[in-house]
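*Asks:* The structure under discussion is supplied below as structure tokens; questions concerning it will follow.
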Amino acid sequence: FRLVTGTDETPGGGIPETFRQCVTKLAGAMAQALEMGQSLELPEPEDGDPMNALENWCAGFVDTFLEHEDEWLDAASEEEAADLMVPMLTLSGLFDDEDFQNVRNSEKLSSQMADAIPDSLTDLYLLFHAPD
Numbered sequence: 812f813r814l815v816t817g818t819d820e821t822p823g824g825g826i827p828e829t830f831r832q833c834v835t836k837l838a839g840a841m842a843q844a845l846e847m848g849q850s851l852e853l854p855e856p857e858d859g860d861p862m863n864a865l866e867n868w869c870a871g872f873v874d875t876f877l878e879h880e881d882e883w884l885d886a887a888s889e890e891e892a893a894d895l896m897v898p899m900l901t902l903s904g905l906f907d908d909e910d911f912q913n914v915r916n917s918e919k920l921s922s923q924m925a926d927a928i929p930d931s932l933t934d935l936y937l938l939f940h941a942p943d
């Protein structure tokens, strides 16, 4: 709720039911697509700048991951999850690591990372949801 609304507090009555239903429906559609081997569609830019839209999406994804990091890493190999997170971590702009900055400053490398995101998302989903 916080990620979408930008507010740290939920309304007095909790998260609105309409919001909860929309998120549940979206999550179900995404899960079904991933289970069928389809790639997720990444956001389209509203301002004509695809890297800005992608950076914002990656930042939201990484922020959500960090909020639940222990749960994620308890459920799967830390090394596997970290490897699959590299494109989103790099393009999120949240980290000052020199290697991440070098990739972001290179149009070619940034494009390669962006192209890797759909497969990384599918692999992350399968890492956490595939039968043992």
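Note that our numbering has the sequence shown beginning at 812, numbered continuously upward.
Glycine included, C-beta positions come from ideal geometry on N, C-alpha and C.
Because the structure is a prediction, the values reported are computed rather than measured.
In angstroms with no decimal places, state the Cα-to-Cα distance between leucine 905 and aspartate 926.
*Replies:* Taking the sequence shown and counting its residues from 1, the one referred to as residue 905 is at position 94. Taking the sequence shown and counting its residues from 1, the one referred to as residue 926 is at position 115. Their backbone Cα atoms lie some 19 angstroms apart in a straight line.
*Asks:* Tell me, to the nearest whole angstrom, how far the beta carbon of threonine 933 is from that of leucine 845; I am working on the premise that it is less than 8 angstroms.
*Replies:* As a position in the sequence shown, residue 933 is number 122, starting the count at 1. As a position in the sequence shown, residue 845 is number 34, starting the count at 1. That belief holds up - the Cβ atoms of threonine 933 and leucine 845 are roughly 6 angstroms apart, short of 8 angstroms.
*Asks:* If you follow the alpha helix (DSSP H) that glycine 904 is part of, which residue opens it and which one closes it?
*Replies:* Here residue 904 is taken as the residue at index 93 of the sequence shown, counted from 1. Careful: glycine 904 lies outside any alpha helix (DSSP H) and carries neither H nor E.
*Asks:* Restricting to Cα atoms, I'd like to know which of Glu882, Val897, Ala887 and Glu878 is closest to serine 931.
*Replies:* Here residue 931 corresponds to residue number 120 of the sequence shown, with the count starting at 1. For the residues Glu882, Val897, Ala887 and Glu878, the minimum Cα distance to serine 931 belongs to Val897.
*Asks:* Considering only residues of the same chain and omitting the five flanking positions on each side of arginine 915, which have a CB-CB separation below 8 angstroms?
*Replies:* Locating residue 915 in the sequence shown gives position 104, where the first residue counts as 1. Thr901, Leu902, Gly904 and Ser921, listed in sequence order.
*Asks:* Under the assumption that proline 929 contacts leucine 837 (Cβ atoms under 8 angstroms), give the Cβ distance between them as a whole number of angstroms.
*Replies:* For the purposes of this step, residue 929 is identified with residue 118 of the sequence shown, where counting begins at 1. For the purposes of this step, residue 837 is identified with residue 26 of the sequence shown, where counting begins at 1. The pair is not a contact, with the Cβ atoms about 17 angstroms apart (cut-off 8 angstroms).
*Asks:* Measuring alpha carbon to alpha carbon, tell me which of Met899, Gln849 and Asp881 ends up nearest alanine 864.
*Replies:* Position 53 of the sequence shown holds residue 864. Comparing Cα positions, the closest option is Met899.
*Asks:* Could you check the C-alpha separation between leucine 937 and aspartate 881 for me, to the nearest Å?
*Replies:* Residue mapping note: residue 937 aligns to position 126 of the sequence shown, counting from 1. Residue mapping note: residue 881 aligns to position 70 of the sequence shown, counting from 1. Their Cα atoms are separated by approximately 18 angstroms.
*Asks:* Going by the beta-carbon positions, is the gap between phenylalanine 939 and alanine 887 smaller than 7 angstroms?
*Replies:* By 1-based counting over the sequence shown, the position of residue 939 is 128. By 1-based counting over the sequence shown, the position of residue 887 is 76. For phenylalanine 939 and alanine 887, yes; Cβs fall inside 7 angstroms.
*Asks:* Just how far apart, CA to CA, sit cysteine 833 and glutamate 878?
*Replies:* Reading the sequence shown from its first residue, position 22 is the one you call residue 833. Reading the sequence shown from its first residue, position 67 is the one you call residue 878. Answer to the nearest angstrom: the Cα atoms are 21 angstroms apart.
*Asks:* Measure the Cβ-Cβ separation of leucine 895 and leucine 853 and say whether it is below 7 angstroms.
*Replies:* On the sequence shown, residue 895 is found 84 positions in, with the first residue counted as 1. On the sequence shown, residue 853 is found 42 positions in, with the first residue counted as 1. The answer is no: Cβ separation not under 7 angstroms.
*Asks:* Buried or exposed, going by whether 16 or more other CB atoms sit within 10 Å of the CB of methionine 924?
*Replies:* On the sequence shown, position 113 is the one that residue 924 refers to. Buried.
*Asks:* Which value, in whole angstroms, describes the spacing of the CA atoms of threonine 829 and threonine 835?
*Replies:* Residue numbering aside, residue 829 sits at position 18 when the sequence shown is read from its first letter. Residue numbering aside, residue 835 sits at position 24 when the sequence shown is read from its first letter. Each residue's Cα considered, the two are about 10 angstroms apart.
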